[in-house]
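Participant: Using the working numbering, the letters of the sequence shown correspond one by one to residues 35 to 337. Idealized CB from N, CA, C, for every residue including glycine. Predicted, not measured: the structure shown is a model, and the values here were computed from it.
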Amino acid sequence: MSIRLNHQPQQFLRLRHRPKYSHTLLTDLLKENPFERLGRFKWVRHLYSDWQALKQRNAHKLPKYWPPHTKTVFVELGADFINRAIAGLQHNAITPGLSLPRTTTTAILNYARSSLCYEPGRSTPFRIDEVKQVQLQNTKVFRGLVEHPEHCPEIQCLVRDPLLLTVVQRYLRYWPTQITTHLTWSIPTTLPLAEVQKFYPPTRYHYDIAGFNFMTAYFYITPVTRIMDGAHIMIPGTHRHKPFALMFSGSHSEQTIERYFGLSKAVPILGDAGFGFIQDPSCIHRLHPPALQNRLLLQIRYS
Numbered sequence: 035m036s037i038r039l040n041h042q043p044q045q046f047l048r049l050r051h052r053p054k055y056s057h058t059l060l061t062d063l064l065k066e067n068p069f070e071r072l073g074r075f076k077w078v079r080h081l082y083s084d085w086q087a088l089k090q091r092n093a094h095k096l097p098k099y100w101p102p103h104t105k106t107v108f109v110e111l112g113a114d115f116i117n118r119a120i121a122g123l124q125h126n127a128i129t130p131g132l133s134l135p136r137t138t139t140t141a142i143l144n145y146a147r148s149s150l151c152y153e154p155g156r157s158t159p160f161r162i163d164e165v166k167q168v169q170l171q172n173t174k175v176f177r178g179l180v181e182h183p184e185h186c187p188e189i190q191c192l193v194r195d196p197l198l199l200t201v202v203q204r205y206l207r208y209w210p211t212q213i214t215t216h217l218t219w220s221i222p223t224t225l226p227l228a229e230v231q232k233f234y235p236p237t238r239y240h241y242d243i244a245g246f247n248f249m250t251a252y253f254y255i256t257p258v259t260r261i262m263d264g265a266h267i268m269i270p271g272t273h274r275h276k277p278f279a280l281m282f283s284g285s286h287s288e289q290t291i292e293r294y295f296g297l298s299k300a301v302p303i304l305g306d307a308g309f310g311f312i313q314d315p316s317c318i319h320r321l322h323p324p325a326l327q328n329r330l331l332l333q334i335r336y337s
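Shown next, in the form of structure tokens:
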């Protein structure tokens, strides 16, 4: 089983370093903004939504990006998409069905190709077409985080897209107070998965903890039509309930996931270039590392 869809024709912050998938609640609480790590608990997320919704009754408390743009780029979606999106998020933690215009996809791809990127922990930036030279220096490179995706006009347009923001507001029950953008190359490797997981945390099953409450829109900028292309893999419904034993660690082995959920329930998300989906990333998910070609993913995170 897979989820697949073919392609059819300010206060915006970007985190330089992605949130790490920490192993214990204790280590999380010792970090900067430790109380946000309590977002792993569903009741905390609900309370935070209630508080933000109450605050935003005052028009002066609306986010600085307000108002959104008046026109969406997702013109092919029907009027019922928002209701279907909320139902899908509530039940499965995901709603597919987004498709970027071809011109938008191409512009983002070109921006990523021409921009510097970096591998966390490695000080020297590089461009994606320089990866082979970097790897010849006996340096393991599994990803390239593109610098300053917020400078790409097409990404900025998506950040203020009214359809995306309406879905987010309906699901979180408040207008997001922070929006971050992440544009990431995943680089092919022939190493065994267990070895890759030591250096590239998203390839290990995990759930995100990105604030008191949060959700993410994902877009494949390069095609991911097979699992080996770098598919996003998830276990639907795991945002609604997790065994207590999993609540104190965001990252888990396949053996643990098999024990509590069964790996047969994992679903790969597949789609052509421009395919997008919205997810509650507090569900269990991971990245399957690409085997042959670089994969480029755009994430817009709302919190």
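Select from Phe282, Leu297, Ser283 the residue whose C-alpha is nearest the C-alpha of Gln289.
Facilitator: Locating residue 289 in the sequence shown gives position 255, where the first residue counts as 1. The residue with the shortest Cα to Cα distance from Gln289 is Leu297.
Participant: Below 8 Å on the Cβ atoms is my contact criterion, and I expect Tyr252 with Gln203 to pass it. Report the Cβ-Cβ distance as a whole number of Å.
Facilitator: Mapped onto the sequence shown, residue 252 falls at position 218. Mapped onto the sequence shown, residue 203 falls at position 169. Actually they do not touch by this definition, with Cβ atoms about 19 Å apart.
Participant: Which value, in whole angstroms, describes the spacing of the CA atoms of Pro210 and Gln333?
Facilitator: Position 176 of the sequence shown, counted from the start, is the residue given in the question as residue 210. Position 299 of the sequence shown, counted from the start, is the residue given in the question as residue 333. Cα-Cα distance, rounded: 15 Å.
Participant: Please name the residue or residues paired with Pro302 in a DSSP beta bridge.
Facilitator: Along the sequence shown, read from residue 1 onward, the residue named residue 302 stands at position 268. In the DSSP output, where bridge partners are listed per residue, Pro302 has Ile267.
Participant: Around the Cβ of Gly155, are there at least 16 other Cβ atoms within 10 angstroms (buried) or fewer (exposed)?
Facilitator: Taking the sequence shown and counting its residues from 1, one reaches residue 155 at position 121. That one is exposed.
Participant: Measure the C-alpha to C-alpha separation of Cys186 and Ala127 and round it to an integer number of angstroms.
Facilitator: Within the sequence shown, residue 186 is the residue found at index 152, counting from 1. Within the sequence shown, residue 127 is the residue found at index 93, counting from 1. For Cys186 and Ala127, the distance between alpha carbons rounds to 28 Å.
Participant: Do Val175 and Glu153 count as a contact pair if the criterion is CB distance below 9 Å?
Facilitator: Position 119 of the sequence shown, counting from 1, holds the residue named residue 153. Position 141 of the sequence shown, counting from 1, holds the residue named residue 175. It is a contact, given that the beta carbons lie within the stated cut-off.
Participant: Compare the Cα-Cα distances from His286 to each of Asp263, Val109, Ile269 and report the closest residue.
Facilitator: As a working mapping, residue 286 is identified with position 252 in the sequence shown. Of the candidates Asp263, Val109, Ile269, the one whose C-alpha sits nearest the C-alpha of His286 is Ile269.
Participant: If you check the beta carbons only, do Tyr294 and Pro277 fall under 9 Å apart?
Facilitator: Here residue 294 is taken as the residue at index 260 of the sequence shown, counted from 1. Here residue 277 is taken as the residue at index 243 of the sequence shown, counted from 1. Cβ distance < 9 Å, so Tyr294 and Pro277 count as in contact.
Participant: DSSP puts Phe311 in a beta bridge; with which residues?
Facilitator: In the sequence shown, the residue the question calls residue 311 occupies position 277. According to DSSP, which records beta bridges pairwise, Phe311 is partnered with Tyr252.
Participant: Based on the DSSP secondary-structure assignment, which residues constitute the bridge partners of Val258?
Facilitator: On the sequence shown, residue 258 is found 224 positions in, with the first residue counted as 1. Paired residue(s): Gly305.
Participant: Can Leu111 and Gly131 be called in contact, C-beta distance under 9 Å?
Facilitator: The sequence position of residue 111 within the sequence shown is 77, counting from 1. The sequence position of residue 131 within the sequence shown is 97, counting from 1. Yes, they are a contact pair.
Participant: On the criterion of 16 or more Cβ atoms from any shown chain inside 10 Å, does Ser148 qualify as buried, or is it exposed?
Facilitator: The sequence position of residue 148 within the sequence shown is 114, counting from 1. Result: exposed.
Participant: Buried or exposed for Arg79, going by 16 or more other Cβ atoms inside 10 Å?
Facilitator: For the purposes of this step, residue 79 is taken as residue 45 along the sequence shown, with counting starting at 1. Buried.
Participant: Residues in the same chain with beta-carbon distance under 8 Å from Ser83, minus the five sequence neighbours each way, listed in chain order, please.
Facilitator: As a first step, residue 83 must be located in the sequence shown, where it is residue number 49. Counting only Cβ-Cβ distances below 8 Å, and skipping sequence neighbours, we find Leu206, Arg207, Tyr208, Asn247.
Participant: Closest to Ile213 by CA distance: which of Gln86, Phe75, Pro97 is it?
Facilitator: Residue mapping note: residue 213 aligns to position 179 of the sequence shown, counting from 1. Residue Pro97 is the option with its Cα nearest to Ile213.
Participant: Buried or exposed for Ile219, going by 16 or more other Cβ atoms inside 10 Å?
Facilitator: Against the sequence shown, residue 219 aligns to sequence position 185. Sequence inspection shows Trp at residue 219; the Ile mentioned does not correspond to that position. So Trp219 ends up on the buried side.
Participant: Counting along the chain, where does the beta strand (DSSP E) carrying Tyr336 start and finish?
Facilitator: If you number the sequence shown from 1, residue 336 lands on position 302. Segment 329 to 336, the beta strand (DSSP E) holding Tyr336.
Participant: Which of the three DSSP states is assigned to His80 in this structure?
Facilitator: For the purposes of this step, residue 80 is taken as the residue at position 46 of the sequence shown. Helix, per DSSP.
Participant: Grab the span of the beta strand (DSSP E) containing Ile318 for me, first residue to last.
Facilitator: Position 284 of the sequence shown holds residue 318. From DSSP, the beta strand (DSSP E) with Ile318 extends over 318 to 321.
Participant: Below 8 Å, can you find three or more Cβ-Cβ pairs linking the region 161 to 170 to the region 136 to 143?
Facilitator: Flag = no, the region 161 to 170 and the region 136 to 143 do not touch.
Participant: What are the boundary residues of the beta strand (DSSP E) that includes Gly137?
Facilitator: Taking the first residue of the sequence shown as position 1, residue 137 is located at position 103. In the sequence under discussion, the amino acid at residue 137 is Thr, which differs from the Gly named in the question. First-last for Thr137: 136 to 148, but that is the alpha helix (DSSP H), not the beta strand (DSSP E).
Participant: Mind checking Asp163: buried by the 16 CB within 10 Å criterion, or exposed?
Facilitator: The residue you call residue 163 lines up with position 129 of the sequence shown. Result: exposed.
Participant: Between the alpha carbons of Trp77 and Gln124, how many angstroms are there, rounded?
Facilitator: As a position in the sequence shown, residue 77 is number 43, starting the count at 1. As a position in the sequence shown, residue 124 is number 90, starting the count at 1. Their backbone Cα atoms lie some 15 Å apart in a straight line.
Participant: Is the separation between the beta-carbon of Ala146 and that of Leu330 shorter than 9 Å?
Facilitator: Your numbering for residue 146 matches position 112 in the sequence shown. Your numbering for residue 330 matches position 296 in the sequence shown. Taking 9 Å as the Cβ cut-off, Ala146 and Leu330 qualify as a contacting pair.
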